[in-house]
Every structure is written in structure tokens, then in C-alpha cells.
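Each residue of the sequence shown is one higher than the one before, starting from 5 at the first, in our numbering.
We put the CB at the ideal spot given by N, CA and C, even for glycine.
These numbers come from a predicted model, not from an experiment.
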Amino acid sequence: MSETFRRATAADLPALDRLMRGVSAYHGEFAPMLDGYSLTPEQFARDIVVMAEAAGQALGFYSLIIEGEPELDLMFVADATQGTGLGARLFRHMAAEAKARGIDAVKIISNPPAEGFYRRMGAERIGTKRPKGRITWSQPIFYLRQTG
Ligand SMILES: CC(C)(COP(=O)(O)OP(=O)(O)OC[C@H]1O[C@@H](n2cnc3c(N)ncnc32)[C@H](O)[C@@H]1OP(=O)(O)O)[C@@H](O)C(=O)NCCC(=O)NCCS
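If you want it as C-alpha cells, here you go:
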């Protein structure tokens with residue numbers, strides 16, 4: 005697929021919000037994760053938000069927090085594009101962005117169905133985040149460690 009990757013800006017917020025809310029993995033039992041959650045313009049200024057697009061259409065994006073403990077905050081591929089390798093390309097892009105900033109460990113709190121994806125990407129599961137508040141399910145915690 006001939007997608008391009010670029011830093012997203014606050015102007016992309018509506019398109020990325022639509023993409024995020026359209027992903028069926030967050031409908032049904034995991035819907036509370038996005039209830040009351042909004043992307044903010046500040047996030048785009050502060051974090052590394054990178055989107056993939058083709059023909060002017062957003063296909064996926066990630067958000068990497070680099071202040072404090074580095075963490076992969078958001079990772080979404082549109083339903084119609086899932087399973088085509090875009091998630092892996094976004095993940096490798098994120099890993100390269102982290103490495104370029106001297107970050108050697110990125111925390112990832114995974115949606116349970118995405119656990120196999122993060123394992124496949126070489127992240128190491130180090131624990132479990134217990135249910136809290138509106139999140140009534142346990143979430144796998146991973147670290148991506150990069151050396152060298
Ligand atoms: C998780 C997600 C980002 C993966 O992106 P994707 O484009 O579907 O994945 P890819 O096609 O790049 O897959 C890369 C590899 O991971 C594997 N993989 C992908 N999703 C997987 C899953 N849920 N479980 C196990 N393996 C998975 C693929 O089989 C592929 O393996 P291969 O290299 O042996 O062929 C995407 O499915 C998604 O947005 N899901 C819904 C939102 C979500 O849960 N995001 C994570 C929030 S923590």
C-alpha cells in the first residue's frame with residue numbers, strides 16, 4: 005500500500021477522532037475505554053502523533069508520549085486496513101522515533117485483543133494493570149526495549 009506517514013497536527017484531530025471511534029475493537033465490551041475520552045490540541049503539540057494516510061484519507065495513527073515515562077498512548081488502524089501490515093509499519097515508525105530521541109524503553113498498556121500484536125512486534129509483557137474506574141478489565145502491560 006502506498007501510504008505516507010507524517011506528524012499529525014491539531015488540524016487532523018477531527019479525522020483521527022473519527023478513525024479512533026470507528027474502530028470496532030472499541031465498540032461493545034471495550035467501549036468504556038473511549039467514553040469521555042477526547043483527543044486534545046495540546047496532545048498534538050506535546051506528544052509525537054504520527055498518522056498514515058493514502059489519497060488524503062487517514063488509515064491509522066499512533067501517539068507516543070515522550071514527557072516523563074515514554075509510553076505508546078494510542079495506536080489505531082482503521083478496520084478496513086487492519087491485517088495489511090500497517091500496524092507493524094506504524095509500530096516500527098514509533099520505535100524509530102523513540103530511538104532517535106534516545107528513548108530505550110517504551111511502556112505499552114494494551115487493549116486485551118491487541119496483546120498478540122505487541123508480542124509479535126517484539127514487546128515484552130511485564131505485568132497486568134488491574135481494573136480501575138470505568139476500565140473493568142485487566143490490561144496487559146508491555147515494554148518495548150531497544151538497545152544498540
Ligand atoms: C492492533 C492493531 C494496531 C494492529 O494493526 P494491524 O494493521 O491490524 O496489524 P498488522 O497487519 O500490521 O499485523 C502485524 C503482525 O501482527 C499480527 N497481529 C496483528 N494483530 C494481532 C492480534 N490482535 N493478535 C495476534 N497477532 C496479531 C499479524 O498477524 C501480523 O503478523 P505477521 O507479521 O506474522 O504477519 C490494529 O488491529 C488495531 O488498530 N486494532 C484496534 C485498536 C487497538 O486495539 N489498538 C491497540 C490499542 S492498545
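Alpha helix (DSSP H) containing residue i: first to last residue?
i, result
"residue 86", "Premise fails: residue 86 is in no alpha helix (DSSP H) and is neither H nor E."
With DSSP collapsed to three states, give me the class of residue i.
i, result
"residue 98", "helix"
"residue 108", "coil"
I'd like to check one pair, residue j with residue i: are the Cβ atoms closer than 8 Å?
i, j, result
"residue 143", "residue 117", "no"
"residue 54", "residue 47", "no"
"residue 107", "residue 70", "yes"
"residue 64", "residue 82", "yes"
"residue 122", "residue 94", "no"
"residue 112", "residue 80", "no"
"residue 119", "residue 149", "no"
"residue 7", "residue 56", "yes"
In terms of residue numbering, what span does the beta strand (DSSP E) encompassing residue i cover?
i, result
"residue 8", "8 to 11"
Problem set entry | Minimum length 3: unbroken beta strand (DSSP E) runs contained in the stretch 19 to 68 | 52 to 58
For this session: Write down every uninterrupted run of the alpha helix (DSSP H) in the stretch 107 to 150 whose length is 4 residues or greater and which is fully enclosed by it, in chain order.
Result: 119 to 124
Exercise. Does the pairing of the stretch 5 to 18 with the stretch 39 to 49 give three or more beta-carbon distances under 8 Å?
Worked result: yes
For this session: Report yes or no: do the stretch 31 to 39 and the stretch 132 to 140 share at least 3 C-beta pairs separated by less than 8 Å?
Result: Yes, since at least three Cβ pairs between the stretch 31 to 39 and the stretch 132 to 140 fall closer than 8 Å, the two stretches touch.
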